[in-house]
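Last residue of the sequence shown: 1282 (the numbering used here), numbering continuous. Okay, so here's the structure we're looking at.
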Amino acid sequence: MSKNYLIGFPRIGENRELKRALESYWANETTYNDVLEAASSLKEKHWKEQNAAGICYIPSNDFSLYDNILDTSILLNVIPKRFENLENEELYFALARGTKEEQACEMTKWFNTNYHYIVPELSKDTNFKLNSKKVVDEFKEAKALGIKTKINLTGIITYLGLSKSVDNEDVYLNVNKVLDLYVELLKELDTLDDNLVIQFDEPLFVKDLDSKVLSLIKPIYDTLSKVSKNIKIVVSTYFEHSNEASKILLTTPVWALSLDFIYGLNNLDILQELKDSNKVVIAGVIDGRNVFKSDFNEKIKLLNTIKTYIKEENLLISTSCSLLHVPYTLEVEDKLNIEVKECLSFAREKLNEIRLLSILCFNKRLNQKDQEEIIKNKKISENRKKSSQINNLKLQKELNSLSLVERVGAYEERIKVQKAFFKYDDLATTTIGSFPQTKEVRASRLAYKRKEISKEEYENDMKQYIKDCISFQEEVGLEVLVHGEPERNDMVEYFGEQLEGFAFSQYAWVQSYGSRCVKPPLIYGDVSRPKAMTVSWSTYAQEQTKKIVKGMLTGPVTILNWSFVRDDIPRSEVSKQIALALSYEVDDLQKAGIKMIQVDEAAFKEGYPLRVKNIKEYESWALKSFKLSVSKAHKDTQIHTHMCYSQFNDIITTIEEMDADVITIETSRSGNKLLQIFKEVGYKQEVGPGVYDIHSPRVPSVEEIVKQINLLKEVLPVTQLWINPDCGLKTRKWKEVKESLKNLVEAVSIVRAQKSA
Ligand code: GLN
Ligand code: ZN
526 MSKNYLIGFP RIGENRELKR ALESYWANET TYNDVLEAAS SLKEKHWKEQ NAAGICYIPS
586 NDFSLYDNIL DTSILLNVIP KRFENLENEE LYFALARGTK EEQACEMTKW FNTNYHYIVP
646 ELSKDTNFKL NSKKVVDEFK EAKALGIKTK INLTGIITYL GLSKSVDNED VYLNVNKVLD
706 LYVELLKELD TLDDNLVIQF DEPLFVKDLD SKVLSLIKPI YDTLSKVSKN IKIVVSTYFE
766 HSNEASKILL TTPVWALSLD FIYGLNNLDI LQELKDSNKV VIAGVIDGRN VFKSDFNEKI
826 KLLNTIKTYI KEENLLISTS CSLLHVPYTL EVEDKLNIEV KECLSFAREK LNEIRLLSIL
886 CFNKRLNQKD QEEIIKNKKI SENRKKSSQI NNLKLQKELN SLSLVERVGA YEERIKVQKA
946 FFKYDDLATT TIGSFPQTKE VRASRLAYKR KEISKEEYEN DMKQYIKDCI SFQEEVGLEV
1006 LVHGEPERND MVEYFGEQLE GFAFSQYAWV QSYGSRCVKP PLIYGDVSRP KAMTVSWSTY
1066 AQEQTKKIVK GMLTGPVTIL NWSFVRDDIP RSEVSKQIAL ALSYEVDDLQ KAGIKMIQVD
1126 EAAFKEGYPL RVKNIKEYES WALKSFKLSV SKAHKDTQIH THMCYSQFND IITTIEEMDA
1186 DVITIETSRS GNKLLQIFKE VGYKQEVGPG VYDIHSPRVP SVEEIVKQIN LLKEVLPVTQ
1246 LWINPDCGLK TRKWKEVKES LKNLVEAVSI VRAQKSA
């Protein structure tokens, strides 16, 4: 038996079958039974595939119709009062998506991935009760196929730690209630089969936990381990090291720890202690959340280090985390450049990597075919280091000779020149960039992509849109205009498609939340910019008006954070390359007369590390990248940035250091509360706190916006304030946008009149 282990597998399906099944059910075109059937056949296919690939510990209950944390809420009957009257599938999807009457539960990002989970809502009235059906059924389902699975469960501390209490109580007060239910659950599972393995996912253990939370670990895992001799317990952590928690777990009877040796290399520091305690180590040595092929030589080196401590019989080979975060298979990608494709490995290919690596690690005999694969792997890894498609020597030289790059002039000096040049008023009005993406725009883009219309026809369609967009903005009376971004399907993809070093898959979808998937660009090689990317659109827009048109770029950190990034050089390097490419774009724009340029950093905060001690380093290179991207801006070129957050308290000094002349942010839903921090730190640069929420179709009234502006004025002087919506308008309808912006402009004129009165 090869000795390997799988934490979890993607469930959306090779052709996104689960998405289709769910969405047609939600649209009332099919029944819930159809969803269950689709789910069953996906599970069956995935289990069989893992089995055929030689995976030894195959997971069940990693599947979910929406989200595993939501499944755990159902398992424990953590149901908010407002959904009390619902049951079964109606209840399940109501929690995730809301009903006509009631709001869904909050959804938020799963650690530092792009996956989102449904936040459990605890209250004093939560009626904890066990509902083991899904867990039990999935185990039986696999068993009927002849596959005995390892069972995945959410760890108690992670579950509670990710919950919120509507009564603002300490969520961990519920530990014993949940523990009781888990004991009950284990007793029930115990009757299902001999020698069960149960995995408790505790990714929260990779964060900096306080001693109170740490103190819960031992009693919980002592208790769970004692339920039955027939059950082996695995505690699984990922995305970082979990040394504080691991040390405690070593004092409990748990059978194994599954540890991430890719993103949590510090896990190596406790190998001696793991050895002394004779625990089984499930070594996550294959990257579970990135799409690049493992270099087996490197992996063997890593495993040899681990093996100097851990006996072979106590070692299992695994991925760093669930494969949920990678696309399904590379096989169907027939349009990828062959050299790029060779460097990649998706979920199905990673199963094979696990198998091969476990054969290599345990010195089992390789058959002919496997031997050939190992040789090929070596070749590909070597080629990656040399390939001229991946390594751009000219660029590397340029990057090496870059000294620290700052734009010319201090802010105080720049803003004076800029105000004299642009002559905008206090409370200048603008928007964040995109305007509604109409059916026609999408159709034209698609037709062009499919080569059904010529480049010229496509460009004419876009120009028509831009022209209309500009005249609308003039009509409504906005002061700083934008071209509307009709040519962009997505703010990262648009740039990736024009930069060297990026590749795009056809089907490499990964689940973002529920039925929603994203298809991130792949950064496989050195990034450079062959030619200008946005200049012709921006200059066309500028030609249509005497007012200022703001250029629109996506920032380096956001491009990085929303892509799959090559693993052969540090992320900071890749970020720097993107930044350099963008700096040329900024320069080309200003040379072409576009002297107000927005560099969006919507995902700047998303890249923050999970451990506090790593934050400084991230901030340092992320900041440098942003600054490099705008470093060529002249004093009278005004740099804007936009961030889709409202909470700036923890990152405000970094935001200040970015030194953008203007920042637009998303604070519309909090009055002026979240803006206070800008005042507290004495923030000098200009700020455009969104005055209404664009995430809903609701049109804000003039009075409302006036009120909001007046609230902002209490915090910052009008000379420092811009007035704008809180994000791009791409997802809204024209009708809503027209009314909302009309009200916004009117509100500003009312406030200005108040001022002079
Ligand atoms: N300029 C982009 C837009 O308006 C910004 C989007 C974002 O911040 N997510 O669509
Ligand atoms: Zn935004």
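Where a beta carbon is used, it is the ideal one built from N, C-alpha and C, also for glycine. Keep in mind the model is a prediction, meaning the values are calculated, not measured.
Residue from the options whose Cα sits closest to the Cα of residue i
| i | options | result |
| --- | --- | --- |
| Lys-634 | Asp-1184, Gly-1118, Leu-1135 and Glu-1228 | Leu-1135 |
| Ala-945 | Val-933, Pro-1046, Thr-1162 and Asp-705 | Thr-1162 |
| Ile-1283 | Phe-618, Cys-581 and Gln-943 | In the structure displayed, the chain extends from 526 to 1282; residue 1283 sits before or after that span and is not available. |
| Lys-948 | Leu-841, Ile-991, Glu-1004 and Lys-988 | Glu-1004 |
| Tyr-530 | Ile-756, Leu-876 and Leu-869 | Leu-876 |
| Lys-836 | Val-857, Pro-535 and Ala-808 | Ala-808 |
| Ala-1272 | Ser-1226, Lys-1238 and Lys-1263 | Ser-1226 |
| His-1159 | Glu-1144, Leu-793, Asp-1113 and Thr-1192 | Asp-1113 |
| Trp-1062 | Gly-1118, Asp-1092 and Val-1043 | Gly-1118 |
| Asp-785 | Glu-1012, Ile-957, Ile-831 and Lys-1238 | Ile-831 |
| Ser-870 | Leu-1085, Thr-854 and Phe-1203 | Thr-854 |
| Ile-583 | Ser-1097, Lys-911 and Leu-721 | Leu-721 |
| Gly-1080 | Asp-747, Glu-977, Tyr-1109 and Ile-1094 | Tyr-1109 |
| Ser-1037 | Thr-762, Arg-536 and Lys-826 | Arg-536 |
| Lys-665 | Ser-565, Leu-647, Leu-616 and Asp-735 | Ser-565 |
Cβ neighbours of residue i in the same chain (closer than 7 Å, five flanking residues each side left out)
| i | result |
| --- | --- |
| Thr-683 | Asp-726, Glu-727, Pro-728 and Leu-729 |
| Ile-1219 | Pro-1250, Asp-1251, Cys-1252, Leu-1254 and Arg-1257 |
| Val-1060 | Asp-1113, Leu-1114 and Ala-1117 |
| Thr-679 | Asn-593, Ile-594, Thr-597 and Asp-726 |
| Pro-961 | Leu-1254, Lys-1255, Arg-1257, Lys-1258, Trp-1259 and Val-1262 |
| Ile-681 | Val-700, Val-703, Leu-704, Tyr-707 and Ile-745 |
For residue i, the first and last residue of its enclosing alpha helix (DSSP H)
| i | result |
| --- | --- |
| Cys-1169 | Segment: none, Cys-1169 is in no alpha helix (DSSP H) and carries neither H nor E. |
| Pro-1214 | Per DSSP, Pro-1214 belongs to no alpha helix (DSSP H); it is in the beta strand (DSSP E), 1211-1214. |
| Ala-1028 | Looking at the DSSP string, Ala-1028 is not in any alpha helix (DSSP H); the run it does join, the beta strand (DSSP E), is 1025-1028. |
| Ser-598 | 593-600 |
| Tyr-557 | 557-577 |
| Thr-748 | 736-750 |
| Gln-893 | 893-911 |
| Thr-1179 | 1177-1183 |
| Ile-1202 | 1201-1205 |
| Phe-608 | Run containing Phe-608: none; DSSP gives neither H nor E here. |
Extent of the continuous beta strand (DSSP E) run through residue i
| i | result |
| --- | --- |
| Lys-675 | 675-679 |
| Cys-1042 | 1041-1043 |
| Tyr-642 | 641-643 |
| Ile-957 | From DSSP, Ile-957 is part of no beta strand (DSSP E); its letter is neither H nor E. |
| Val-660 | Segment 658-669 is the alpha helix (DSSP H) holding Val-660; no beta strand (DSSP E) there. |
| Thr-1256 | Here Thr-1256 belongs to no beta strand (DSSP E), and DSSP marks it neither H nor E. |
| Gln-1067 | It is not in any beta strand (DSSP E) - Gln-1067 instead sits in the alpha helix (DSSP H) that spans 1060-1068. |
Cutoff 8 Å; reference residue i; Cβ partners in own chain excluding five residues on either side
| i | result |
| --- | --- |
| Asn-917 | Glu-1025, Gly-1026, Gly-1050, Asp-1051 and Ser-1053 |
| Lys-752 | According to the sequence shown, residue 752 is Val rather than Lys. If we look at Val-752 and ignore the five residues flanking it on each side, its Cβ neighbours are Val-708, Leu-711, Lys-712 and Asp-715. |
| Ile-899 | Phe-821, Leu-881, Leu-885 and Leu-891 |
| Ser-1088 | Val-1017, Gly-1021, Phe-1027, Pro-1045, Pro-1046, Leu-1047 and Ile-1048 |
C-alpha gap between residue i and residue j, whole angstroms
| i | j | result |
| --- | --- | --- |
| Cys-581 | Leu-840 | 13 Å |
| Tyr-1065 | Leu-1269 | 26 Å |
| Leu-1200 | Ala-1278 | 24 Å |
| Asn-586 | Ser-688 | 20 Å |
| Leu-704 | Asn-677 | 16 Å |
| Thr-955 | Asp-993 | 17 Å |
| Lys-818 | Asp-794 | 26 Å |
| Lys-1209 | Gln-1245 | 8 Å |
| Leu-595 | Tyr-1170 | 25 Å |
| Lys-1141 | Pro-1214 | 26 Å |
| Asp-950 | Val-1212 | 14 Å |
Ligand 3 heavy atom lying under 8 Å from the CB of residue i
| i | result |
| --- | --- |
| Gly-1253 | Only ligand 1 and ligand 2 can be found as ligands here, which leaves ligand 3 out of the picture. |
Neighbourhood of residue i by C-beta, 6 Å cutoff - its chain only, sequence neighbours within 5 removed
| i | result |
| --- | --- |
| Asp-812 | Ile-787 and Ser-845 |
| Arg-1194 | Asp-1218 |
| Tyr-697 | Leu-685 |
| Lys-568 | Phe-588 |
| Glu-631 | Val-644 |
| Glu-614 | Tyr-557 |
| Arg-814 | Cys-846 and His-850 |
Segment contact, 8 Å Cβ cut-off, at least three pairs: the region 902-918 with the region 606-625: no
For the pair the region 1034-1043 and the region 979-988, tell me if three or more CB-CB distances fall below 8 Å. no
Could you say if the region 572-581 and the region 652-662 meet the contact criterion of at least three C-beta pairs nearer than 8 Å? no
Pairs of beta-carbons, one from the region 972-981 and one from the region 1229-1245, closer than 8 Å: are there three or more? no
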